[in-house]
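Enquirer: Position 157 (the sequence shown) corresponds to 148 in this note's numbering; numbering is contiguous.
Glycine included, each C-beta is placed from N, C-alpha and C at the ideal position.
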Amino acid sequence: EKAIMDMTSYAIESPWISLSGRRVQCWGGQPNERTKFVPEPLPPWLVDICTALVDAGVFPSEVRPNHVLINEYANGEGILPHSDGPMYFPKTATLSLGGSAIMTFEPRISSGDIGEVSSDPICEVILRPRSLVVFEDAAYIDYMHAIASRQTDQVGSRAVPINLALSGARHGEMVQRPAIRVSLTFRHVTAVR
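#1: Output yes or no for whether 7 angstroms exceeds the beta carbon distance between Ile117 and Ser158.
#2: Closer than 6 angstroms by C-beta to Gly106: which residues in its own chain qualify, once you throw out the five before and the five after it? Chain order, please.
#3: Leaving out the 5 sequence neighbours to the left and right, which residues in its chain are closer than 7 angstroms to Met(-4) when beta-carbon positions are compared?
#4: Evaluate the contact criterion for the region 149 to 169 versus the region 31 to 50: three or more CB pairs, one atom per stretch, below 8 angstroms.
#5: Could you tell me which residues DSSP pairs with Tyr79 in its beta bridges?
#6: Find the nearest neighbour of Ile100 within the set Ala(-6), His136, Asn23, judged by alpha-carbon distance.
#7: Cys41: which of Ala84, Asn66, Ala156, Val151 sits nearest, CA to CA?
#8: CB Ile113 to CB Asp144, shorter than 7 angstroms?
#9: When the Cα atoms are used, what is the spatial distance from Ala139 to Glu127?
#10: I'd like the span of the beta strand (DSSP E) that includes Ile117, first residue to last.
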């Protein structure tokens, strides 16, 4: 875990970009809906993780991850409800490092309803350090996912965590966010030239 976090901290080839609520590194190229994706080589340490994901059966070999987003969240930061979009094969695998947080899934809303309708989450997923969360198909296409911007999460406060027993958490438990939490999101961009 520490070795991977160190690799993200000292990466020169893909510097951090500051976004609202987090810093991000983009590896493998810049997907763009208007033009075909031009893949760029991943660094060896990310190639090794992608290979492990294929070897473990997380991704089929024909849709091997070719794009990785690394997000760094300071304590209290999160990401608004979003979906990853149609440029990707409908599967994502996210490796969490550095500390725990809770991800929620909620029904996708139309663009006209953004800011108007508050959806209740359908479920929570507890993201523990060194955990891998994989979602695909309906969870990828029909739902948005988010991590609330806060310093502490309460397990089960908004929905039943689908991995409650597996995570070792207890319903109602308060989960303190770490000073820094890092996630690596592995996907396959389908529109490649």
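Expert: Result, derived from the coordinates:
#1: Going by beta carbons, Ile117 and Ser158 fall inside the 7 angstroms limit.
#2: With a pLDDT of only 49 at Gly106, under the threshold of 50, the placement of this residue in the model should not be trusted; the figure read from the coordinates follows. Counting only Cβ-Cβ distances below 6 angstroms, and skipping sequence neighbours, we find nothing.
#3: Leu88, Gly89, Val173
#4: no
#5: Val180
#6: His136
#7: Ranking the options by Cα distance to Cys41, first place goes to Ala84.
#8: no
#9: 21 angstroms
#10: 114 to 118
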